[in-house]
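*Asks:* Have a look at the structure that comes next, please.
Chains as they are written, first to last, in the numbering used here: chain Y, 129 to 685; chain C, 129 to 685.
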């Protein structure tokens with residue numbers, strides 16, 4: 129057994145200790161919150177801080193598990209005694225994650241319902257010693273040097289040949305077509321131009337999550353997330369707003385239709401979505417609801433031959449250019465029904481290029497849109513939408529008459545896809561920022577030499593490479609779970625983790641650029657702005673942590 | 129002895145333990161780096177990660193000291209047994225800071241030269257127990273509720289009557305004049321308009337750090353930083369770019385002239401600087417030097433009656449509108465002289481409003497400027513400057529013939545003022561973001577009630593109030609030290625600490641706003657962008673930590 133094996137074995141053992149403490153705390157919170165046969169949401173709200181921290185602990189523990197898998201796979205292929213870069217990265221990640229978990233639990237054990245005995249394993253010299261051994265300055269400095277030598281790469285991707293081929297083509301497209309346009313699209317707040325949409329449509333990227341029999345690229349038998357993930361990652365490396373987010377809407381739309389649509393609806397719409405014509409948009413969020421989907425109020429009233437939509441939606445990305453909107457609306461006015469009063473509709477509309485539009489129906493309905501100016505994530509344009517007596521025919525109620533009242537579930541099915549896809553977007557943004565950080569650290573001089581030769585910069589680069597590489601493997605791992613019909617909760621975990629990590633990484637990449645990092649002409653400043661949206665959209669981090677992750681963990685503990 | 133006294137006494141005792149570990153590590157690093165009689169910079173660079181962390185530990189320990197002072201002052205004035213908000217805030221701060229210090233040192237004790245025995249006091253149950261007791265969810269939630277009730281305030285300022293009066297007038301000005309203009313100035317990238325400059329000039333804000341005998345507002349006998357700090361804080365609350373940074377340049381300029389100028393130069397220039405006419409700018413940074421001032425290359429060549437300046441400066445804020453530039457230049461080509469080859473010059477120029485300018489001298493010299501577009505901190509405009517045979521008369525060599533070769537020292541004297549002033553700017557930005565976070569938490573609903581009623585939001589607001597309030601007292605405390613001619617190194621500490629804290633606080637304020645936090649029309653999005661510059665300019669955090677703070681601590685250990 130060599131050094132790497134020993135380290136990984138120790139990490140696995142300490143991870144079990146960490147996991148035991150997390151599970152114990154979840155069980156304790158569950159006991160505090162159980163009223164009769166169920167867990168009370170109100171009681172659970174009294175434990176929000178602990179729940180938030182536990183979601184993070186669980187996400188990092190899960191990330192650690194994928195880091196260990198990664199190291200094992202690389203280790204199995206390795207000859208001889210030299211510890212590979214990937215194994216070192218995995219060990220640094222494990223050390224940081226285990227340390228973070230311990231520090232969080234120690235900060236307020238009473239809020240977690242944990243006593244000294246529960247934390248004894250985390251307080252034992254072996255646990256701390258493992259973390260310390262892999263977080264030592266000298267080790268990180270050496271890792272940083274090896275990372276620089278890779279010139280922006282950071283460890284094997286371990287993809288299938290097919291996924292690698294897709295990666296290659298989309299990486300080229302991102303580098304050659306997207307990157308040169310990204311700055312202008314951001315600074316002039318332009319909408320994504322045809323120069324980008326054209327080749328993406330040709331390459332089939334809107335059909336990545338759509339089964340072949342509906343005109344898409346994935347197998348008919350089971351989900352295949354790897355293609356979607358890899359393509360998203362490469363496009364987001366080119367630009368989050370100008371390319372990396374284009375697949376999100378078809379992703380959510382197709383999952384919702386596959387889950388809830390009638391066969392007729394699938395046959396009609398999925399091939400169109402797959403072909404990128406029309407482009408689509410998702411209208412779920414409302415000004416007063418945010419991530420609380422069950423509170424949606426936009427009204428759907430039955431009329432002759434269809435439904436009339438009235439109300440307001442917001443943050444509807446791509447709504448101007450899109451020709452097809454997926455709209456979640458309240459089809460039953462009985463407010464006691466909560467999310468069971470919601471249905472999902474498909475609205476066809478004209479396509480507009482501008483920041484404002486007005487779509488008038490022959491029936492008299494009017495949909496007006498106003499793009500909300502944002503600090504980043506430009507290129508897509510997110511709209512506030514006003515529905516005034518907008519008509520949708522019966523055929524466009526998702527699921528047909530059976531689908532009435534099931535809109536919430538179809539939305540959630542779509543959103544799980546949005547989350548894993550967002551993790552892939554976060555990785556792409558990180559990869560772009562990381563590449564710039566590595567190259568600029570070689571160019572920029574301070575105190576007589578390139579800053580990339582200083583220990584502090586080397587440590588920053590080593591940590592960036594570590595968090596990026598494991599975030600990627602974490603995303604791939606969850607994608608593979610989802611291929612098997614599992615991993616819904618893990619999709620939220622990896623979204624939570626990678627998005628916050630992207631904020632940190634882009635911040636450090638700016639810092640490496642010094643003053644120029646703050647200039648609009650320097651792309652890291654744009655990556656920083658783009659990264660900031662990630663923890664807000666597709667489920668704000670607070671909602672994901674409290675209402676999805678910890679809630680699911682508590683239910684299953 | 130009541131509860132607060134006991135808590136504060138415990139905090140003071142644990143702070144001593146933390147301080148002892150920090151000092152021990154500093155002494156160890158010093159031993160590792162001592163070659164002959166001095167500390168070797170090269171050797172010190174081998175300990176950058178530990179040095180960076182130690183600078184943070186020392187800054188937080190110093191902040192804790194000021195937090196304790198604050199609680200004692202408030203406690204002394206208090207009647208009866210109720211623990212005041214300020215004391216609770218101080219205790220939460222101490223707990224977080226002590227926990228952070230311990231976690232940093234524990235992460236890699238070997239890199240700090242610390243053994244188990246050195247860390248025993250930090251590992252003792254009392255130390256951890258103190259932190260846990262004050263970081264409990266219930267306590268933070270209760271603090272959050274009390275903070276909300278204050279509606280954007282967060283604990284007594286403890287200012288003199290005079291400073292309070294200044295605070296009142298400038299707060300009114302910021303609210304009534306600056307805030308209504310701030311969004312347009314940012315979104316249209318305008319230069320600060322006369323509507324803001326006019327009243328500020330009238331109120332004497334450019335002369336806050338200039339002695340009365342030179343036309344300023346401060347006493348002739350000693351520095352008086354409190355006025356400058358309080359005014360800066362209030363203006364930065366209005367807007368960092370459109371008001372809060374106006375004083376930085378007169379602050380640096382006047383300190384440099386008071387330190388290095390001849391009596392004649394002071395008499396000529398200080399009254400003009402104090403009157404805001406001309407506005408001034410500081411040209412130190414160069415494209416290849418960043419925070420490494422000693423590497424400045426802009427060439428000053430002696431000529432008949434003066435000097436000729438040739439070269440490039442960058443990030444020269446306000447250079448277009450300014451009529452007077454303070455320029456650091458290499459007056460002696462012998463590169464072995466390092467920072468002893470630098471001199472400081474005053475360059476008079478015309479004032480320009482635009483993003484580009486060209487200033488032609490009758491002697492033939494040309495100074496051209498190009499404003500660098502930035503993601504935030506707009507309103508000031510930071511320029512890249514090209515000096516082509518620009519002439520300055522002998523009278524404008526700061527310090528006269530004696531001043532030749534002393535430009536580095538005069539610059540550093542100016543920069544210490546820039547740092548405490550930047551801490552005040554960070555507080556102002558935090559105050560603005562905090563107010564918006566508190567008010568929006570009452571407006572925005574999720575899951576059936578205002579988000580400000582949820583524990584997680586309450587904890588966020590409690591932590592914001594804590595870090596903001598103690599940052600303020602830390603800044604005031606260092607300002608008072610500087611009034612006595614001390615606190616140069618502490619000015620770097622408080623700059624380091626408050627600027628990073630402002631990044632965190634504005635990020636959380638955005639998060640409380642949900643999607644709207646990312647919209648340009650919402651002011652927290654601007655606060656977030658503005659806050660991001662703070663850790664980059666006026667000494668990047670890496671340079672301050674390594675080259676100023678830890679270096680000074682090691683020299684004095």
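From the three backbone atoms N, C-alpha and C, an ideal C-beta is built for every residue, glycine too. Predicted model only: the values in this text are computed from it and were never measured.
1. Do the stretch 618-637 of chain C and the stretch 594-607 of chain C touch if we need at least three Cβ pairs shorter than 8 Å?
2. Any residues in the stretch 250-268 of chain Y with a beta carbon nearer than 8 Å to a beta carbon of chain C? Which ones, in chain order?
3. What residues from the stretch 642-665 of chain Y come within 9 Å of chain C, judged by C-beta to C-beta, listed N to C?
4. Between residue 177(C) and chain Y, is the shortest Cβ-Cβ distance under 8 Å, so that the two count as touching?
5. Would you kindly report the start and end of the unbroken alpha helix (DSSP H) that includes residue 333(Y)?
6. CA-CA distance, residue 389(C) and residue 563(C)?
7. Within 10 angstroms of the Cβ of residue 78(Y), are there 16 or more other Cβ atoms? Answer buried if so, exposed if not.
8. I want to verify the contact list: residues of chain C whose CB lies under 7 Å from the CB of residue 573(Y), in sequence order.
9. Consider the Cβ of residue 320(Y): report whether some Cβ of chain C lies at a distance smaller than 8 Å.
10. Is there at least one Cβ from chain C nearer than 8 Å to residue 578(Y)'s Cβ?
11. Spell out whether any CB of chain Y is found under 8 Å from the CB atom of residue 587(C).
12. So does the stretch 541-553 of chain Y actually touch the stretch 580-588 of chain Y, counting three or more Cβ pairs closer than 8 Å?
13. List the DSSP bridge partners of residue 511(Y).
14. So who's on the other strand from residue 516(C), going by DSSP bridges?
15. Does DSSP put residue 252(C) in a helix, a strand or coil?
16. Suppose you measure from the CA of residue 270(Y) to the CA of residue 346(C); what does that come to, to the nearest Å?
17. Quick one: does residue 231(Y) have its CB under 8 Å from some CB of chain C?
18. Which term fits residue 699(C), buried or exposed, when burial requires 16 or more other beta carbons within 10 angstroms of its beta carbon?
19. Can you give, in chain order, each stretch of the beta strand (DSSP E) that sits fully within the stretch 392-455 of chain C and has at least 3 residues?
20. Along the stretch 236-248 of chain C, where does the CB come closer than 7 Å to a CB of chain Y? Name the residues.
21. Below 7 Å on C-beta distance, what does residue 174(Y) contact in chain C?
22. Please report how far the alpha carbon of residue 293(Y) lies from the alpha carbon of residue 303(Y), in whole angstroms.
23. Using the three-state DSSP reduction, which class does residue 580(C) fall into: helix, strand or coil?
24. Would you tell me roughly how many angstroms separate the C-alpha atoms of residue 552(Y) and residue 218(Y), rounded to the nearest one?
25. The beta strand (DSSP E) with residue 472(C) in it runs from where to where?
26. Any idea which residues DSSP pairs residue 484(C) with across the strands?
27. By DSSP, does residue 378(C) sit in helix, in strand, or in coil?
28. What is the DSSP secondary structure of residue 318(Y), reduced to helix, strand or coil?
29. Please classify residue 350(Y): is it buried, with 16 or more other beta-carbons within 10 angstroms of its beta-carbon, or exposed?
30. Mapping DSSP to helix, strand and coil, what is residue 213(C)?
31. Counting along the chain, where does the alpha helix (DSSP H) carrying residue 532(C) start and finish?
32. With a CB to CB cut of under 6 Å and the five nearest residues on each side skipped, what residues in its chain are close to residue 468(Y)?
33. Identify whether residue 237(Y) lies in helix, strand or coil by the three-state DSSP scheme.
34. Using alpha carbons as the reference points, say which of 259(Y), 406(Y), 343(Y), 306(Y) lies closest to residue 360(Y).
35. Run down chain Y in chain order and give the residues with a C-beta less than 8 Å from the C-beta of residue 435(C).
36. Quick one: any contact between the stretch 445-452 of chain Y and the stretch 522-533 of chain Y, if contact means 3 or more CB pairs under 8 Å?
*Replies:* Reading it off the structure:
1. Taking 8 Å as the limit for Cβ pairs, the verdict is that the stretch 594-607 of chain C does touch the stretch 618-637 of chain C.
2. Within the stretch 250-268 of chain Y, the residues whose Cβ lies closer than 8 Å to some Cβ of chain C are 256, 259, 260, 263, 264, 265, 266, 268, listed in chain order.
3. Correct list: 642, 643, 644, 645, 646, 647, 648, 649, 653, 654, 656, 657, 660, 661, 663, 664, 665.
4. The sequence position of residue 177(C) within the second chain is 49, counting from 1. Closer than 8 Å to some Cβ of chain Y, the Cβ of residue 177(C) qualifies, so yes.
5. Taking the first chain and counting its residues from 1, one reaches residue 333(Y) at position 205. First-last for residue 333(Y): undefined, no H or E at that position.
6. On the second chain, residue 389(C) is found 261 positions in, with the first residue counted as 1. On the second chain, residue 563(C) is found 435 positions in, with the first residue counted as 1. Between the alpha carbons of residue 389(C) and residue 563(C) lies a gap of roughly 42 Å.
7. Lying before the first or after the last residue shown, residue 78(Y) is absent from chain Y, which here runs from 129 to 685.
8. Start at 1 with the first residue of the first chain, and residue 573(Y) comes out as number 445. Within chain C, the residues near residue 573(Y) are 416.
9. By 1-based counting over the first chain, the position of residue 320(Y) is 192. It does not: the Cβ of residue 320(Y) has no partner Cβ on chain C nearer than 8 Å.
10. Position 450 of the first chain, counted from the first residue, corresponds to residue 578(Y). Interface annotation, residue 578(Y): not in contact with chain C, CB-CB separation never under 8 Å.
11. As a position in the second chain, residue 587(C) is number 459, starting the count at 1. For residue 587(C), the answer is yes, since a Cβ of chain Y falls inside 8 Å of its Cβ.
12. The stretch 541-553 of chain Y, when compared against the stretch 580-588 of chain Y, does not touch it at the 8 Å Cβ threshold.
13. Reading the first chain from its first residue, position 383 is the one you call residue 511(Y). Beta-bridge pairing links residue 511(Y) to 444(Y), 499(Y).
14. Translated into positions along the second chain, residue 516(C) becomes position 388. For residue 516(C), DSSP records a beta bridge to 494(C).
15. On the second chain, position 124 is the one that residue 252(C) refers to. Coil.
16. Here residue 270(Y) refers to the residue found at position 142 when the first chain is read from its first residue. Here residue 346(C) refers to the residue found at position 218 when the second chain is read from its first residue. Looking at the backbone, the Cα of residue 270(Y) and that of residue 346(C) are separated by about 52 Å.
17. One-based indexing of the first chain puts residue 231(Y) at position 103. Yes, its Cβ sits closer than 8 Å to a Cβ of chain C.
18. As displayed, chain C neither begins before 129 nor continues past 685, which places residue 699(C) out of reach and without an answer.
19. Contiguous beta strand (DSSP E) elements confined to the stretch 392-455 of chain C occur at 408-411, 427-431, 434-445, taking only those with 3 or more residues.
20. Those residues of the stretch 236-248 of chain C that come within reach of chain Y (Cβ to Cβ, closer than 7 Å) are 236, 237, 238, 239.
21. To locate residue 174(Y), count along the first chain from 1; it is residue 46. Here the neighbours are 583.
22. Here residue 293(Y) is taken as the residue at index 165 of the first chain, counted from 1. Here residue 303(Y) is taken as the residue at index 175 of the first chain, counted from 1. Approximately 15 Å, taken between the alpha carbons.
23. As a working mapping, residue 580(C) is identified with position 452 in the second chain. Helix, per DSSP.
24. Working through the first chain from its first residue, we reach residue 552(Y) at position 424. Working through the first chain from its first residue, we reach residue 218(Y) at position 90. Rounded to whole angstroms, residue 552(Y) to residue 218(Y) spans 19 Å at the Cα level.
25. For the purposes of this step, residue 472(C) is taken as residue 344 along the second chain, with counting starting at 1. In this chain, the beta strand (DSSP E) harbouring residue 472(C) covers 470-476.
26. Stepping through the second chain from its first residue, residue 484(C) is reached at position 356. Bridge partners of residue 484(C) according to DSSP: 498(C).
27. In the second chain, the residue the question calls residue 378(C) occupies position 250. For residue 378(C), the secondary structure class from DSSP, reduced to helix, strand or coil, is helix.
28. Counted from its first residue, the first chain places residue 318(Y) at position 190. Residue state, collapsed to three classes: coil.
29. The sequence position of residue 350(Y) within the first chain is 222, counting from 1. By the neighbour-count criterion, in which 16 or more other beta carbons inside 10 Å mark a residue as buried, residue 350(Y) falls on the exposed side.
30. If you number the second chain from 1, residue 213(C) lands on position 85. Note: residue 213(C) maps to helix in three-state DSSP.
31. On the second chain, residue 532(C) is found 404 positions in, with the first residue counted as 1. Membership of residue 532(C) in any alpha helix (DSSP H) is not indicated, and neither H nor E is assigned to it by DSSP.
32. The residue labelled residue 468(Y) in the question sits at position 340 within the first chain. By the criterion of a C-beta distance shorter than 6 Å, residue 468(Y) is surrounded in its chain by 533, once the five residues flanking it on both sides are discounted.
33. On the first chain, residue 237(Y) is found 109 positions in, with the first residue counted as 1. Correct three-state label for residue 237(Y): helix.
34. For the purposes of this step, residue 360(Y) is identified with residue 232 of the first chain, where counting begins at 1. Answer by Cα proximity: 306(Y).
35. The residue given as residue 435(C) occupies position 307 in the second chain. The premise fails here: residue 435(C) is roughly 26 Å from chain Y at the closest Cβ pair, so nothing lies under 8 Å.
36. As far as the Cβ criterion goes, the stretch 445-452 of chain Y does not touch the stretch 522-533 of chain Y, which means the pair count is below three.
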